[in-house]
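All residue numbers for the sequence shown refer to the working numbering, where the first residue is 12 and numbers rise by one. Positions of the beta carbon are idealized from the N, C-alpha and C atoms, including for glycine. Since the structure is predicted, the reported quantities are computational estimates derived from the model, not experimental observations. Some notes on the structure that comes next.
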Amino acid sequence: MLLDLNEDETLLKGGLEQFANGSLRAKIKPFADRHEFPTDLVKEFLALGFMGTAYDSEYGGGGLGTRGAAIVAETLARTEPGFAAIYLCNSAPMTVIARYGSDEIKKKWLEPLCRGDFIASFGVTEPSGGSDVASIKMRAVEDGDSFVLTGSKVFSTNAGTPLHGISTFVAVTDPELGAKGLSTFVVPVGTPGFKVGKAGRKIGWRIADSVELYLDECRVPKANIIGNRGDGLKQILTTLSIGRILVGATGLGLARKAIDLAKSYGASRKVGGVPIFQNQGLTFPLADALTKIHASELMIRNAACLADSDRPFRLETSMAKLFATETASEVADIALQVHGGYGAFEEFDVSSLPGEARVLRILEGTSEIQRLVIGRELSA
Ligand SMILES: Cc1cc2nc3c(=O)[nH]c(=O)nc-3n(C[C@H](O)[C@H](O)[C@H](O)COP(=O)(O)OP(=O)(O)OC[C@H]3O[C@@H](n4cnc5c(N)ncnc54)[C@H](O)[C@@H]3O)c2cc1C
Numbered sequence: 012m013l014l015d016l017n018e019d020e021t022l023l024k025g026g027l028e029q030f031a032n033g034s035l036r037a038k039i040k041p042f043a044d045r046h047e048f049p050t051d052l053v054k055e056f057l058a059l060g061f062m063g064t065a066y067d068s069e070y071g072g073g074g075l076g077t078r079g080a081a082i083v084a085e086t087l088a089r090t091e092p093g094f095a096a097i098y099l100c101n102s103a104p105m106t107v108i109a110r111y112g113s114d115e116i117k118k119k120w121l122e123p124l125c126r127g128d129f130i131a132s133f134g135v136t137e138p139s140g141g142s143d144v145a146s147i148k149m150r151a152v153e154d155g156d157s158f159v160l161t162g163s164k165v166f167s168t169n170a171g172t173p174l175h176g177i178s179t180f181v182a183v184t185d186p187e188l189g190a191k192g193l194s195t196f197v198v199p200v201g202t203p204g205f206k207v208g209k210a211g212r213k214i215g216w217r218i219a220d221s222v223e224l225y226l227d228e229c230r231v232p233k234a235n236i237i238g239n240r241g242d243g244l245k246q247i248l249t250t251l252s253i254g255r256i257l258v259g260a261t262g263l264g265l266a267r268k269a270i271d272l273a274k275s276y277g278a279s280r281k282v283g284g285v286p287i288f289q290n291q292g293l294t295f296p297l298a299d300a301l302t303k304i305h306a307s308e309l310m311i312r313n314a315a316c317l318a319d320s321d322r323p324f325r326l327e328t329s330m331a332k333l334f335a336t337e338t339a340s341e342v343a344d345i346a347l348q349v350h351g352g353y354g355a356f357e358e359f360d361v362s363s364l365p366g367e368a369r370v371l372r373i374l375e376g377t378s379e380i381q382r383l384v385i386g387r388e389l390s391a
């Protein structure tokens, strides 16, 4: 398989790097230090049209699929992993709408999301546990021309921000059918009964706020159901699988940022008159890191190619997410170690990377859940 970027992808990467190495790099640190959502920077990013990268041009997208989306996540994360979070959490609801929504729903919600009129959030995880998505409790009861949704979600990223326009929620429509009784709905912000909780301070994704959401008899038209009633589980599993590629790509960008920082610090630091990179004890872990980063890139790109084809991709996606995010954590730790005591101080960018990498091993399915998916191959 040819893994080089094609012409469109090269152009995409160039455009993204202009934003990431320009405005984003210049302005993001104070927001990250304050754990604050950078509203104006996100607006600037939305105006550039990158939110639609993966989706069909018919709905205003760039038509570059999951391969393109992975480039966006990686490039943003190389400057600020939390900014990639805003992108990838917006992508999950866009993906479920794009893959399963009717033409009407796509025109109503995907088009403005591709244009960047507002951002979206994905409501899957509930307080009772996110690893078992089939145990969702939020209820959606049919009533005339509407569904009435009641329940709560946790950690919904993007949902507490001033730019938030819609959430997609997975809820139980047919309890007697168990896991086959789940369906997905679009709920616009401002629908009576839609309440947003507070954002907590996190060790990673500091600029992206992740909040509790409460739906208290929230009424939406039947037309807001995405795809078929009862297809919710299938939709979440596919959407999460694609999200895993983007989380892996965020890990890849983060690991590259860690290497960038280690290289620039290590190039000028001398101890006892000797440049620290002359010590093999320090460079061997970095050599291993570079090798694993290369492997992460190949795995992510391969998983993205599969997701854009008609072939199965869940196994490769879980492997790519597991490997790239565990690698990101490892490389962040090594890069911090290269900085010695300075790595412990917040004014050094490297100090934030272990926390930023750590959350990637939890969301969109923890490392244990990826190992469960991969381990199923043993009994296949
Ligand atoms: C920063 C951040 C942002 C997030 N954003 C979103 C979002 O936008 N939308 C959304 O819906 N969710 C979001 N999440 C939620 C995330 O997907 C869940 O945290 C994750 O799926 C784990 O669920 P949980 O936290 O309930 O842990 P639990 O499911 O309670 O798991 C606890 C521990 O038990 C382990 N475990 C559970 N079952 C098994 C098993 N069968 N075998 C082995 N180990 C197991 C897990 O790996 C974990 O270590 C976000 C989370 C974070 C941290």
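Counting C-beta neighbours from all protein chains within 10 Å, is the total for residue 85 16 or more, i.e. buried, or is it exposed? It is buried - the Cβ of residue 85 has at least 16 other Cβ atoms within 10 Å.
_For residue 112, which residues in the same chain have their Cβ closer than 6 angstroms to its Cβ, ignoring the five residues on either side in sequence?_
Only 237 meet the Cβ criterion.
query = Do residue 343 and residue 364 have their C-beta atoms closer together than 8 angstroms?
reply = It is a contact, given that the beta carbons lie within the stated cut-off.
- request: Have a look at 102, 260 and 290 and flag the residue whose alpha-carbon is nearest the alpha-carbon of residue 328.
  value: The shortest C-alpha separation from residue 328 is found at 260.
message: What residue range does the alpha helix (DSSP H) around residue 185 cover?
response: Careful: residue 185 lies outside any alpha helix (DSSP H) and carries neither H nor E.
Classify residue 98 as helix, strand or coil using the three-state DSSP reduction. Here residue 98 carries a helix assignment [DSSP, helix/strand/coil].
Using the beta-carbon count (16 or more within 10 Å), is residue 351 buried or exposed?
Under this definition residue 351 is an exposed residue.
Between which two residues does the beta strand (DSSP E) holding residue 65 run? Note, residue 65: premise wrong, no beta strand (DSSP E); not H, not E.
### Task
Classify residue 344 as helix, strand or coil using the three-state DSSP reduction.
It is helical.
Cα separation between residue 300 and residue 341? Those two C-alpha atoms are separated by around 8 angstroms.
Based on Cα-Cα distance, which residue from 298, 146, 133 and 281 lies nearest to residue 200? It is 133 whose Cα lies nearest to the Cα of residue 200.
task: Could you check which residue in 172, 358, 282 and 194 has the C-alpha nearest to that of residue 49?
output: When only C-alpha atoms are compared, the closest one is 172.
- request: Could you tell me whether any Cβ in chain D is nearer than 8 angstroms to the Cβ of residue 57?
  value: Of the protein chains in the structure, only one exists, and it is not chain D.
(Q) Is residue 164 a contact residue of ligand 1, with contact defined as CB to any heavy atom under 7 angstroms? (A) The answer is yes for residue 164.
Opposing strand residues paired with residue 82 [DSSP bridges]:
DSSP lists no beta-bridge partner residue for residue 82.
> Counting pairs of Cβ atoms below 8 angstroms between the stretch 225 to 232 and the stretch 98 to 113, do you hit three or more?
Replying inline: Counting C-beta pairs closer than 8 angstroms gives fewer than three between the stretch 225 to 232 and the stretch 98 to 113, which falls short of the contact rule.
For a test of the three-state rule: what should DSSP assign to residue 162, helix, strand or coil? Strand, per DSSP.
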